[in-house]
Structures are given as structure tokens and as C-alpha cells.
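S.K.: First residue of the sequence shown? That's 700 in our numbering, and the numbers climb one at a time after it. All residues carry an ideal CB built from backbone N, CA and C; glycine is no exception. What you are looking at is a predicted structure, and each value in this text was computed from that prediction instead of being measured. The structure is given below, and queries will be raised subsequently.
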Amino acid sequence: MWSEHTRSRDADGNPPGLRNAFTLVEILIVVVILGILGAVVLPTFTDASHIARENTLKDELRYLRTQIVVFKAQHRDVPPGYPPGNRNGTPTSAEFLRQMTGVSDEPGNVGTASAKYRLGPYLSKMPRNPLNGLDTIMVVSNGQSMPPAGMPDGSTGWILKPQTMEIMPNQPGVDADGIRYIEY
């Protein structure tokens with residue numbers, strides 16, 4: 700015969716008063732699985748973020764190089780950084796920033812926008828190097844060479860040699876493909 704206890708069961712076959720619930724072991728297993736998944740996925744997001752910064756660096760270099768060429772073409776073949784109209788003068792980072800972010804006349808004097816000062820600005824501001832976060836630039840003087848491979852020290856965002864119009868990130872190391880940043 701059926702006893703009273705065996706006859707009254709819920710839809711899941713459980714005696715009355717028992718609720719369906721997760722056990723502590725089941726909860727711990729789920730937490731461990733989520734932790735493992737998180738450990739696998741997190742490095743992927745970190746790598747993607749770094750690769751995105753490297754791609755931004757390439758884009759910023761491309762833009763800077765283009766703007767330097769445009770400045771030179773509009774200023775009597777004198778690249779930015781030199782004293783106005785004087786390719787034999789000593790280029791400086793301060794002059795480079797003034798000329799690239801201001802409006803200038805044909806020799807390269809910076810002034811207030813007018814019929815005379817109609818060229819530029821070429822940059823709204825100096826872009827930050829996305830890898831080291833610096834928006835400063837080191838200018839290499841005429842006759843000096845660019846820092847040799849592996850010698851960037853990260854003290855500025857960029858390194859420029861106006862004489863040859865070379866610009867590179869001041870960033871030691873290599874990218875995800877093994878290419879040195881200074882070779883961009």
C-alpha cells in the first residue's frame with residue numbers, strides 16, 4: 700500500500716516542504732568555471748587594447764608626417780621647427796609647436812589669422828603618443844643623427860629631425876608583430 704508520505708509529492712517528485720535549491724558544491728563549481736573563463740578571456744581584451752594603441756600610434760605618425768610635408772610645401776621648402784624662412788638655423792621643439800599649431804605667413808612667422816597669416820594651423824594640438832601618453836617632441840638639430848635603434852628613452856612622445864623630416868615615436872620596444880616602434 701501506498702503510505703501517506705509517498706503519495707503526496709510535488710511535480711518534481713519531491714516530498715512536500717522540500718524546495719529545489721542549489722547546493723554549496725554546485726555554486727562553488729560554477730564560480731570556479733567562471734573564474735577559469737575570466738582568466739582565459741581577460742588577456743585577450745588586454746592584448747586587443749594594446750594593439751589598438753599601436754594602431755593609433757601608426758595613424759598619428761601618418762598624420763604628423765602628412766602635416767609636416769604640407770607645411771614644408773607651403774613655406775618655401777622649409778620644414779617646421781626652423782626659425783622662419785631659415786633652413787640653416789637651429790630647429791627647436793618650441794618653434795615646431797608654434798608653427799604647426801598656429802597660423803603663419805609664407806616664411807613661417809606665426810601670427811593672428813589675416814590675409815598675411817593665412818597658412819595653417821596644421822595641428823589643433825600636438826598628439827599624444829598613445830603608448831607613453833606624452834605629447835612632447837624632441838627636435839634633432841642639423842648634422843646630428845636620429846637616436847640609434849633601441850635608444851629611444853620614452854622621455855618625450857616623439858622625435859623629429861626637421862632636416863630630413865624624419866619623425867618617430869620615442870618609444871623603446873617592439874609591437875605585437877616584433878617590429879620596433881622606431882621603425883614605424
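Flag this pair as touching only if the segment 868–882 and the segment 785–795 have three or more C-beta atom pairs under 8 Å; answer yes or no.
M.R.: no
S.K.: Can at least three beta-carbon pairs, one atom from the segment 827–836 and one from the segment 806–815, be found at a separation below 8 Å?
M.R.: no
S.K.: Assess, as a yes-or-no matter, whether the segment 851–865 is touched by the segment 757–774 under the definition of 3 or more beta carbon pairs within less than 8 Å.
M.R.: Contact between the segment 757–774 and the segment 851–865 is present, because at least three Cβ pairs lie under 8 Å.
S.K.: Would K860 count as contacting chain D if we go by Cβ distances under 8 Å?
M.R.: Of the protein chains in the structure, only one exists, and it is not chain D.
S.K.: Compute the Euclidean distance between the alpha carbons of T800 and G819, then round it to the nearest angstrom.
M.R.: 7 Å
S.K.: Report the three-state DSSP secondary structure of V838 (helix, strand or coil).
M.R.: strand
S.K.: Among the residues of its own chain, which have a CB less than 6 Å from the CB of D746, if the five just before and after it don't count?
M.R.: none
S.K.: Just to confirm before moving on: does the CB-CB distance between N869 and P851 stay below 8 Å?
M.R.: yes
S.K.: Assuming L756 and L830 form a contact by the criterion Cβ under 8 Å, report the distance between their Cβ atoms to the nearest whole angstrom.
M.R.: 6 Å
S.K.: Could you tell me if G780 is buried or exposed, where buried requires 16 or more neighbouring beta carbons within 10 angstroms of its beta carbon?
M.R.: buried
S.K.: How would you write the range of the alpha helix (DSSP H) that L796 sits in, first residue to last?
M.R.: Element bounds for L796: S792 to T800.
S.K.: Report the three-state DSSP secondary structure of E725 (helix, strand or coil).
M.R.: helix
S.K.: Check E882 in the structure and name its three-state DSSP category.
M.R.: helix
S.K.: Any idea which residues DSSP pairs L867 with across the strands?
M.R.: Note on identity: in this sequence residue 867 is Met, with Leu being the wrong assignment. Its beta-bridge partners are I858.
S.K.: Rounded to a whole number of angstroms, what is the C-alpha to C-alpha distance between F795 and P846?
M.R.: 19 Å
S.K.: Would you mind giving the Cβ-Cβ distance between L822 and Q766, rounded to the nearest angstrom? I have them listed as a contact below 8 Å.
M.R.: 6 Å
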